[in-house]
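What follows is a set of notes on a single structure, which appears directly below.
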Amino acid sequence: MGRVSRLSQVFLFFFGLVFPVLSAFSAEIDPQYRERVAALTHRLKESGLNSEELERIFSDDRVKLYPQILGRKAKGLDYMSRRFGLLTRKSIERGQKVLADNRALFSKIEQTYGVDKEIVIAILRIETNFSSCVGSYPIFNSLLTLAVIENRRSAWAENELAELLRISQKFSKDPLSIRGSWAGAFGIAQFVPSSYVRFAVDGNADGMVDLFDFSDATASIANYLKAHGWENDRPEKNRQAVYAYNRCDNYVAAVFAYARAISGEEPSTRRQAISR
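Structure representation (structure tokens):
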């Protein structure tokens, strides 16, 4: 009898913690996942995020889960070539034009970060086609889905969701308005929130770090690669730096293939970084 009473007390205590959050849920959250979302919301509160703000956000009917994003995998270089026309003449010429139109910016980036401009351009091309495809998913919902449904990435996604909320609170931004990829990346550089916090930089010296701004996004990519070990004339280290950007061998191959294509020349000593 005492054991039953004790269990009842524990249950009531836990229920009392989560019930206020449950009662404020968005009507769009499937009931089968509400217990998981309640537990997640409680952990976010315990991490120091504002309780009232959390309740306001999670009660918004824009909050939804996207089960359809689960199980997506990275595609190979051949797929990228076919799907995005990565190595077509038109694609290569566009990359060369982006370089020509922004030569001063890319020269400054090479001087500041020591990262080959062709590599930065290749990442811009593959990630968002030079800003034309930044993604249409509300990244809050993408990360929430991965956190409560996808067990393999749940801890990672929960951390990214917390970082997104901290960024939003710091800059008074609506976290539900930020759109990006199904995996929770946003902006022209497609950074996840934790990468924004650690590696995004102000590329145009306007006092703001906006990854939807071309200069900021470009400088942030170079800063990320430098922070992950990029060094001129060190091909293997540079491949590892690009791999850190997107942990997929086919992605790395695509970046270097496009960088070689737009360079318009055979690799020289300086260009060992974009050699095979």
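The working numbering puts the first residue of the sequence shown at 24, with every later residue one more than the last. Idealized CB from N, CA, C, for every residue including glycine.
Reduced DSSP secondary structure (H/G/I, E/B, other) of residue i
i	result
arginine 202	strand
phenylalanine 153	coil
phenylalanine 209	strand
phenylalanine 235	coil
tyrosine 281	helix
glycine 287	coil
lysine 260	helix
histidine 251	coil
alanine 276	helix
Boundaries (first-last residue) of the alpha helix (DSSP H) holding residue i
i	result
lysine 87	Where lysine 87 is concerned, there is no enclosing alpha helix (DSSP H), given that its DSSP letter is neither H nor E.
leucine 72	Premise fails: leucine 72 is in no alpha helix (DSSP H) and is neither H nor E.
aspartate 124	112–124
lysine 196	First-last for lysine 196: undefined, no H or E at that position.
proline 54	That residue, proline 54, is in no alpha helix (DSSP H); it is neither H nor E in DSSP.
alanine 170	162–171
arginine 221	216–222
Integer Cβ distance of residue i from residue j, believed to fall under 8 Å
i	j	result
phenylalanine 209	isoleucine 201	6 Å
arginine 211	alanine 240	The sequence shown places isoleucine at residue 211, not arginine. Confirmed, Cβ separation roughly 4 Å.
leucine 199	proline 258	Contact doesn't hold; Cβ gap of about 42 Å is too wide.
Spatially closest choice to residue i from the options, by CA coordinates
i	options	result
serine 12	Gly203, Asn182 and Leu188	Residue 12 cannot be examined here, being either before or after the span of the chain that is shown, 24 to 299.
isoleucine 172	Arg66, Phe237, Glu150 and Glu58	Glu58
serine 74	Asn227, Arg148 and Gln192	Gln192
aspartate 256	Asn174, Val138, Arg189 and Arg112	Val138
leucine 88	Tyr56, Leu77, Lys68 and Leu67	Tyr56
valine 90	Ser154, Glu116 and Trp205	Reading off the sequence, residue 90 comes out as proline, not valine. Minimum Cα distance to proline 90 is reached at Trp205.
tyrosine 268	Glu254, Leu67, Arg283 and Tyr247	Tyr247
serine 154	Ala185, Leu77 and Val121	Val121
arginine 283	Leu67, Val232 and Gly118	Gly118
arginine 227	Phe129, Val60 and Asn261	The displayed chain sequence assigns asparagine, not arginine, to residue 227. When only C-alpha atoms are compared, the closest one is Phe129.
histidine 65	Ala180, Glu78 and Leu147	Glu78
Beta-carbon gap between residue i and residue j smaller than 9 Å
i	j	result
leucine 93	leucine 169	yes
glycine 207	leucine 187	yes
tyrosine 281	glutamate 51	no
alanine 276	valine 143	no
asparagine 182	serine 217	yes
arginine 189	leucine 72	yes
leucine 167	valine 86	yes
glutamate 150	glutamine 213	yes
serine 70	alanine 223	no
alanine 264	tyrosine 136	no
phenylalanine 237	alanine 145	no
Minimum Cβ-Cβ distance from residue i to chain C less than 9 Å
i	result
aspartate 229	Looking at the structure shown, chain C is missing, and only one protein chain is on hand.
Contact test: residue i Cβ vs the ligand HEM heavy atom, cutoff 8 Å
i	result
aspartate 124	Judged by which ligands are present, the structure shown has none, so any question about the ligand HEM falls away.
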